[in-house]
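Numbering (this note's numbering), first residue to last: 2 to 341.
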C-alpha cells in the first residue's frame, strides 16, 4: 500500500459488504444520471450477487475508452460536502474535460457507494477500513483485480467500448497490471501506470526505509519479507496488504511477456513511491526490444503530481496521456518533463 495505513479513511455508512466470488460477468447496465456531470452511473452485476459500480462519460464521437482505477484511499469516487463535490481520485477534476476526446470509465471500489457524505471521523473510518480488509478481504489486490477483469469483459460486450486502455494511479497501477496479467493482455489496448510502476513493493519500501533510517530501515523491510514468506499466510491488516501487493505478484511480473504498449509517469519528488522503483521497472521492460513503452519523468513533482511550487500538474499529465492514446500509443521513448 502506498498510503500509510493509519492515514487511510474509510467512509462510515458508505461501505456495503458484498458477497465474494467470481460469478458470471453480465453486460453493462445503465442506472442513470449522477450529480457528477457528464458521468452516468452504470453497473456490472454478477450471478453471485456482487455489483461493481462504474461512472461513465461517453465522448461525443466514437473514441478509445480509458478505464481509471484509483489508489489506496478507502473512499468513494465522489462525496458530497457543503454543496460541493470531493474526491480522493487522482485526475478527478480533469476527467470530465478529457471525456470530450475519449470515453472515460471510473471504477468504484467494491462495497463503496458514491454521492454520500465524507467520513465523520478518522477513528470511525479506520474501524470500517480494518473490518473491510481483515473480515471481508475487500481491497486486496486479488479482489480489485477480479473486479477489473469483470469490468473489461463487460466493456468488450459493448461496441462503443472495444478499444480499452487501462490507467491506474498508485495502488491502482498494481490493479491495472494485475488485470492485464489475468486477461493475458486480451482486450487491453495499453496500460498506464502513474506513480505506481515498480519491480516489487518491498523494493520501494526498502528505498523509503533506507532514506529514513539508513541500512537498519531497509533491513526492517527485508525482515518483514522473510517473516511473511516463512509464515505463508497473514491475518493482520498490514501483513495482508504486504502479501497482497508485495509478494503475491508485482507490476513487473504481471507485465513481463505481454506485448501491448505501456505508459509510465513518475515524479522525482515522490516520497510514497520513490522514482527508483519506476526506473527499475522501465529498465527491465526495455530489455525486450519488442516492448512498446513511453516513460515520462516529471522533475519536481510529488506522488499527486504537484510541483515544487505546489502547482497541480495532474491535468497537464492526463491531457498528455490522452494525446498518447489518440496518437496510437506506439513506439519506445523516454521524456523528461511535460511540454510547455
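Glycine included, every Cβ here is placed at the ideal spot set by N, Cα and C.
One Cα belongs to residue 249, the other to residue 32, and the distance between them is close to 35 Å. By the Cβ neighbour-count rule, residue 205 is buried, with 16 or more other Cβ atoms within 10 Å of its own.
Between the region 60-72 and the region 100-120, the count of Cβ pairs shorter than 8 Å is three or higher; the stretches touch. The shortest CA-to-CA distance from residue 95 to any of 338, 323, 332, 222 is the one to 323. Residue 264 is a Cβ neighbour of residue 193, given a cutoff of 9 Å. By the Cβ neighbour-count rule, residue 187 is exposed, with fewer than 16 other Cβ atoms within 10 Å of its own.
Check the Cα spacing between residue 71 and each of 177, 130, 58, 41: the tightest is with 177. In this structure the region 115-124 touches the region 76-83; the number of beta carbon pairs closer than 8 Å is three or more.
Residue 252 carries a helical assignment under DSSP once its states are collapsed to helix, strand and coil.
Distance check between residue 174 and each of 224, 164, 36, 149 places 149 closest, using alpha-carbon atoms only.
Under the three-state reduction of DSSP output, residue 162 falls in the helix class. With a cutoff of 9 Å on beta-carbon distance, residue 196 and residue 266 are scored as near each other. Taking C-beta atoms as the reference points, residue 146 and residue 183 count as a pair closer than 9 Å.
Membership of residue 96 in the alpha helix (DSSP H) is indicated by the continuous run 93-99. With 16 or more other Cβ atoms from the protein chains shown falling within 10 Å of its own Cβ, residue 57 counts as buried.
The Cβ-Cβ distance between residue 229 and residue 243 falls below 9 Å. Below 8 Å, enough C-beta pairs join the region 266-276 and the region 298-316 to call them touching: three or more.
In this structure residue 38 is exposed. Its beta-carbon is surrounded by fewer than 16 other beta-carbon atoms within 10 angstroms. In this chain, the beta strand (DSSP E) harbouring residue 86 covers 85-87.
Secondary structure note for residue 330: it is in no beta strand (DSSP E), with a DSSP letter that is neither H nor E. Comparing C-alpha distances from residue 29 to each of 336, 166, 108 shows the shortest one belongs to 108.
Straight across, the Cα-Cα distance linking residue 245 with residue 161 is about 34 Å. Boundaries of the alpha helix (DSSP H) harbouring residue 219: 202-232, taken from the DSSP string. In the three-state reduction of the DSSP assignment, residue 41 falls in the strand class, which pools E and B. In the DSSP assignment, residue 148 falls within the alpha helix (DSSP H) that extends over 142-157. Within the same chain, 299, 300 come within 7 Å of residue 338 by CB-CB distance, once the 5 residues on both sides are set aside. Residue pairing of residue 246 in beta bridges, as defined by DSSP: absent, with no partner found. With a cutoff of 9 Å on beta-carbon distance, residue 116 and residue 91 are scored as not near each other.
Ranking 316, 331, 313, 97 by CA distance to the CA of residue 296 puts 331 first.
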